[in-house]
Structures are given as structure tokens and as C-alpha cells.
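One structure below.
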Amino acid sequence: MQTLHTRREWLWKTAAAVSGASLGRAAGAPTAPVALARCKTYDPAELLPTMRKMFDQLGGLGRLVKGKTVAIKINLTGSPTYRLGYLPLEDTHYTHPHVIAAAASLMAQAGARRIRLLESPWSTADPVEEYLLRANWEPRDILAAAPNVEFENTNYLGTGKKYTRLTVPFGGYVFPAFDLNHSYADCDVFVSLTKMKEHATAGITLSMKNCFGLTPCTIYGADAGIDEPSETPKGSRTTVHAGDRQPSRSAPPEKDPRSPRLDTWRVPRTVVDLVAARPVDLAIVEGIKTMTGGEGPWVEGDLKPVSPGVILAGLNPVSTDAVAMAVMGFDPMADRGTPPFESCDSTLKLAEAAGIGTRDLQRIEVAGASIAEVMFDFAAMRRQRRAASPPPFRVRG
Amino acid sequence: MRWPDAWKDPATLALLKGTAIDHLLIGMGPELSAVRSHAAQDGFHLSQPGAPPAGVEIVKGQWPGVKVERRGGGSGVSAGPTGNPWVDSNGWAIRLAAALHSDSAVWVDAAPAGNALVTAASYLIAVADSAAYGGRWIVSLDTPLAVSLAAGKSDALATWRRVTAAAGFFAAHQAWPAYVPMAVVGVVSDFTGDNEFFSRELLNLLARAGQHCRILPKDRITDASLVGLRAAIYADAQPPASALRQQILAFVAAGGMLITVPQWGEVPGTLIQSDGHPRYSLRALGKGKVAVAMAGPDDPYLWANESVVMVSHRYDLVRFWNSGAAGSFCTVAPDGKQAVVHLLFYANRGPDSATVRIAGRYRAARAYTAGHPAAAKVEWAPQTDAVEIHLPPVSQYVALELDI
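Here the protein sequences line up with chains P and R, keeping their order. According to the working numbering, the stretch in the first sequence is residues 347 to 743, in order. According to the working numbering, the stretch in the second sequence is residues -17 to 386, in order.
Pasting the structure below:
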């Protein structure tokens, strides 16, 4: 009898083959301590000592940043003109400015020579400061946190003379190397400072998924140049999401253009490729206030603002994300088909298989609060949401 | 109103009874002679299409709204270079006409295309997009609607009631057109000849970028013209006259910004070496700055968007969240005690939970919509030198009245 293989079966087999080949690397994947803290407000009087204590629990910031140029990738996903209801963006899906300022301030106190705040803002080559103003933030409040703080928009060439090529040491799942804004190479320490969220495509947004925004849309975007990067970024990263086109020819192409064109397959793998190409030295996940149901207000479904009152940091992004997942009520060992990866691959599993870090909680030392003490059950809310009917339509005046 | 050719029965005039429509543009054909006669008896002012009455300046406009174009047999919304929907609005053209012809009323001639079937929401946008900026849209019905109205169909009558309610709403607020526009940037030009295309397109694109402009015909600039502005744009292909040059440079020395073309000529002040803008060289002059483009006026889209960033979003008069394709026009009463901010939402469905931030200090705010003309309280959150207003689900037009 002839067997007809569905596309789904093929995907599963491909994934299984990759993980099988990588079992050895997964078993020996490095681990690093993760500091976990309860923090109920963004009041600097609570936030600064909490973050300082977390960094001390990791061995102290000075060891990491003294005399160094620190690049911090913040998480300002989507257009600054989208809000969840009437709430400020920082209370739902943007890294809160007080957390950014606190991180910069503590790094400066620990001796950082230069602190560069990096983001690839949605569809613009405008300075990040202008983007923040549109979000109703005052960039001067962040710039004033320390004497040596600056922003750079990394969604295009920026202030660099040329793009920097960063290679994926293990060869890459989708891309063997990336052409990125110079800022990701011109730094001694790289920090991913993100919001704790679910994600419609990748299941979760934590310190690794935040690195999706490293890719400049001038090369990896919908309107990227065909041969050379475009001058300014426009639209989304369709090259990575849908794979309906290749990056500009000046950049390394995909390893296999016949690989699945599904974002639930491509995004987790590309994120791992990026984290491997640009290793994260310090991962900070901020879940003081955030949202459930997705990574931003544009996601369809019943989205809710929540206040988990938690923040964590670690020296390995996979281990940090694993602890964050556990705080969210998810199993970091979850695989495709299991929440929050019902329809996508696990970025954590792929990263572990690539040897970046372990997601096994038994191998991760957690300092500060225990996971049980600060747990906020995103998983239960996810189950309720998926079981409920859609919200009613409101009457318009 | 442009009288539909299909309305040959004078009885159709009954549709206009009790509405704010008081002037009819009716064709001169014999089949409409009875209509003309009855309309005159009913007290309507009559004109011929294409022959406006004295004291009226006609703006040949576009059908306002989110631009929709057909692609490959399907329909789709056209996106502009920002990735945002491309909005057609006649606001800038109305304001330019008013600036150039200050003694005239401004009427907007923008009819639906061909046999297009236009929604009631789209008509509301057409009325509001003119009236908010001080103009009057010449009510022009699409043929299917005109035919259905004449036949007394209920759907058509419902649409008609929305059109006339919107016209009536603006007629009831007769004081608003006399309010003075608030602005961040002044655009100085003669708006004619070699400068016509660039200067007008700049006004259009600045409005699309959400910038609030003061239109300054350069032969009418007074000492008060630049007061309160953050920046002036001078992009005419000819250098300014000596007096105008001195006036603008004095504005810069006092802290303003001038964005101009190489044709401006010699610029005093010192070069700011650190700026490194790819298309402008920046000079410090007194307390202000001068940005001189390295090339002449070429791409108004770039000029509009780069000027917004050079001036900075810090000085935005209005910021929107969750608004979809939106526009705004800020005005202040001549006595300075009240402001009216017109908000236009160009999609066919208004926003569900839009927030609007309005710069300035205000004591109270009320909202009006064309559908609910009584003042309604709004939820608001004061900020430093601004107020944030949270709108409930609304249709395509909201007026915010703010007490200063």
C-alpha cells in the first residue's frame, strides 16, 4: 500500500532529523545562573535595587561591562502608533523606559565605557529618539540615565560605513551568516533586554526572540534591495517570515531555498541562527507589566494587559528563557504541538540542539526568588482564551 | 449641492427641506427647467455647474479617503512609501485657497468616480474633510445613490440622512471656520509658476506626515507671520527678497529653524560639523539653526518627511494611537479661550479605541461627532504640556473642543 505523506508529516520528520543529529550538542549545552526577582512597579526606587541585586547574584555587572562598550538590544516591536486599548506601549509590549534607563545607569555605575541602545524600529530610518517620541516617550529621560548613553537605529546602515557580516558558528538552520548594522559587531558586550510575552508565530517572545530585530529590513525586509541593500527600511521582515524572497544579493542567501516557507518553521530557526551569530552576553526579561495573547496589540484574539511583577536576568539566553517560560507556567522542554508551541517549533529546543545553552531547569541554577514564588500563569490564561468565544463587537458613536 | 441629472422631478426638492443645503448647481438643460423654477421659489441659490457664484473659490479636489486601487482584477488598498495607507485629503488645498483668496469662501468639487457605489461613511468623510478645514464640499452623489433616493429606497434615504446630518452639524458650528490654525512649521512660497508643483505637493505631503503647517504666501508676510512657529521652510527656486530674508533670519536667530534650498544664497552662522545629515548641511545661527539642502527642491516626499524629523516629533501638536489612517486640524478661537481639534478617520470603519494626544494645557474637553452633535464628555489623562484623550468607538469625524 502506498503511503501519502502530508506536508505536516514531512516537517515533523525534518525537525526530528535535525534534533536527532544535534542530541550530542544538546546534552553538553552550556548553562549559566539566572537571577529571578519580584518587582511590582516601575518606580526606580524599587526597580534599581532589584536589578542591582539580580546583577550581583550573577557575579556583578563590573565583571561583564567595566571599560567595555555595551550594546543593548531593546524590544520596541511594531509601530509606535499601536496600543492595547488605551494603555501606554511600555505597559504592554515595549520594554519599559524605566527598565532601559535602570539598566544603562547600573552599567555606567559598573564602569561601562559606552552604552549603546539598539533597535530596528518599524519601517523607518528615523533616529530611535524620534521613534520614542511617537510612542509618547521622552528619550532624554533615558539618555540622561548615564553620561555615555546613545541610541542607534539598526534597521539600516545607520552611522556605519558598511554592514558587518556575522557568521553562524554551527552553520545555521536557515542562514549561514547575516549582514547586520555595525553596532552588533562594534561592541564588547551584547545584552538582550526584552519584554516577557507570548508570540503569535514563535510561541513566546523572550531574550532570544528579541534578536529577530537584529536583521535590517534594508536587506531582509519586504522592500529590501534586490542586489544591494535599500537605503531605507520599509515594512516587515518578510524574507524571514514568509521566505517569499531572498535577502539582497549582497548578503548571504538562505542555505536551502527549498526549505519550508512557513513562518512557524522559519522564525524560530532564524532566531537561533541570529543568537548564534551574535551571542548574547546578558539576557534581561522584563515582565513587570505586559500582555497576554501575543507580542503586540495587532495580534488577533483576546489580548489582555497583565502585571506579573517579575524580572529576571541571566548570562545564557537559552537558560534565561527557559526560566522565564517556567515563570509563565510553560514547560521549557515543550516541543512542537505543546503550549506555547502548538503550531511552531521551540526556539529553545533548537537553540539547545545548536549547543547555545540548556533549557533543562535541572541544570540551571536559579538565584533570588524561586520560580514558584514569582510564577504568573500565562499558560492557564492561554488555555482559557483558546476555549472561549471571541469578544463582542462594540457600538460606535 | 450638484443637482443630479437623474432628478428631473421637482418633488425631489423635498429631500433638501430642513437641511443645511442652500445652494444648488443645476444644469441648464430644458429637462431641468421645472426643477430650477421650483428651487428658486423655495429660496435656494442657483448656479450653473462650472460657474461658481462671485466670492467663491473652487478647489478641484480628490475624493477623500484611503486610496483604493484595482490590482490584477482584485481590489486592494494602496500603501504609501511609509507602508501606511495612502490618504487623499483636500484639507491642504482648502487652506491654500483660503490663504491665497482670503476674501472668498472655498468650495470643494470632488465627485465620486464614475458609477462608483459610495458608502455612507465615505460621504461623511467627504463632508468632514472639507468642512473641518473651513471649506464646503459640493454635495455630489454617486449615480446609484441618486437613482435610489429618487425611488425612495430606505437604504439610500439612510445614507442621505447621514450626509445632511453631517452638513447640518458643520452649519451649526459657524464660529469654527473663523478659528485660527495652530502650526509647528510655516511654508513660505509664492505657490505659483516654477514653484507651484513643489510647494503644493509639500503642503500635501506634510499633512500626510501629520505636520501642522502655517501657509505663508511670501508677498503677504507680516511681523506676526512666523510667531509661534518652530520652523520655516523656504523651498522656492528663487532667492528671497532682502526684507523676507532678514525677517526669516531674525526668526532663526531667536531660536527658530530654517529649512531651505541652495538657491537661498549665502547663509550666515557656523557649520555644525557633527551633524552629518546626508542631504542637508546644518548651520548654527544665534539660538536657532539653518538646514540647507545640498540639492534644489527635488522630492517633496523626502522634504516633507525629513523636515518633520529635523524639527522633531517632540513638538507634534497631535499624536494618534490606534487611529488607522487619520488626519487632524488644530485651531484656536480668536479670543484664545478655546481650541477645536478636528479629527478625521479615513477608513470606512472608525477606530474602536483611539487615543489622541494634543499638545498644550487645557482645563476641559468635550467631543462632538456628526452623528451625535450634543457635546459629550471624554475620558482624558493630563500630561506635561499635553492632554491625552481616549475616544470610544467613533465614526469618521470627531471634533474636540478644549477649554484653555
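The C-beta atom is built at its ideal place from N, Cα and C for all residues, glycine as well.
Item	Value
Same chain, Cβ closer than 7 Å to P:G655, neighbours up to 5 away in sequence not counted	R384, C385, K386, I634
Option in P:F516, P:T423, P:R607 with minimal Cα separation from P:E544	P:T423
Close-in-space but distant-in-sequence residues of the same chain around R:R348 (CB under 6 Å, 5 per side omitted)	A357, E383
Among R:P46, R:S15, R:L28, nearest to R:W74 - alpha-carbon criterion	R:P46
Same chain, Cβ closer than 7 Å to P:P473, neighbours up to 5 away in sequence not counted	F497, N499
R:R348 at chain P interface by Cβ criterion, 7 Å	no
CB contact flag (R:S393, R:G353, <7 Å)	Chain R is shown only over -17 to 386; residue 393 of chain R falls outside these bounds and no answer can be derived.
For P:E496, the residue or residues it bridges with in DSSP	P:R462
7 Å CB neighbourhood of R:F173 in its chain, flanking five on each side removed	L78, L82, S181, R182, P199
Own chain residues within Cβ distance below 8 Å of R:A381, not counting five before or after	A114, H155, W158, V322, V323, H324, L325, A349, Y350, T351
Close-in-space but distant-in-sequence residues of the same chain around R:A363 (CB under 6 Å, 5 per side omitted)	E370
One or two residues paired with R:Y262 in a DSSP bridge	R:A275
Within chain P, the residues that R:N304 reaches when beta carbons sit closer than 7 Å	Y428, R429
Chain P residues whose Cβ lies nearer than 8 Å to that of R:V291	D472, P473, E476
Endpoints, alpha helix (DSSP H) assigned at R:L326	No alpha helix (DSSP H) holds R:L326; the beta strand (DSSP E) holding it covers 320 to 327.
Stretch pair the segment 477 to 493 of chain P + the segment 425 to 435 of chain P: three plus CB contacts closer than 8 Å	yes
Below-7 Å beta-carbon distance, R:S335 vs any chain P residue	yes
Residues in the segment 509 to 528 of chain P having any Cβ partner in chain R nearer than 7 Å	none
Closer than 7 Å to chain R by CB, P:Y530	no
Residue from R:A277, R:V109, R:D70 with nearest C-alpha to R:D218	R:A277
Endpoints, alpha helix (DSSP H) assigned at P:D615	Note on residue identity: the sequence assigns Arg, not Asp, to residue 615 of chain P. 609 to 623 is the extent of the alpha helix (DSSP H) around P:R615.
Stretch-stretch touch, CB-based, cutoff 8 Å, three pairs: the segment 296 to 303 of chain R with the segment 185 to 203 of chain R	yes
Buried versus exposed call for R:F179 [16 or more other C-beta atoms within 10 Å across all chains shown]	exposed
Same chain only: Cβ atoms within 6 Å of R:G62, ignoring 5 sequence neighbours per side	Low per-residue confidence applies at R:G62: pLDDT is 40, beneath 50, and the placement is therefore not dependable enough to give any value.
R:V162, DSSP secondary structure in three states	strand
Backbone CA spacing between P:R409 and P:G457 [nearest angstrom]	9 Å
CB contact check: R:H295 to chain P, cutoff 7 Å	yes
Contact set for R:G54: own chain, Cβ-Cβ below 6 Å, skip 5 residues either direction	For R:G54, the predicted model reports a pLDDT of 38, less than 50, meaning its position is unreliable and no value from the coordinates is stated.
Best match in R:W(-15), R:L139, R:T146 for proximity to R:A110 [C-alpha to C-alpha]	R:T146
Contacting residues, own chain, Cβ-Cβ under 7 Å from P:P443 (five flanking each side not counted)	E436, W483, D487, I488
Residue-level contact to chain R via CB, P:T502, 7 Å cutoff	Residue identity check: residue 502 of chain P is Tyr in the sequence provided, not Thr. Chain R contact via Cβ: absent.
Pair within 7 Å by beta-carbon distance, P:R729 and P:D648	no
Residue interval of the alpha helix (DSSP H) (run including P:Q403)	390 to 403
Pairwise C-alpha distance: P:G640 and P:R607	22 Å
P:T666 beta carbon less than 7 Å from that of P:S553	yes
contact_flag[the segment 335 to 345 of chain R, the segment 300 to 313 of chain R] where n(CB pairs < 8 Å) is 3 or more	yes
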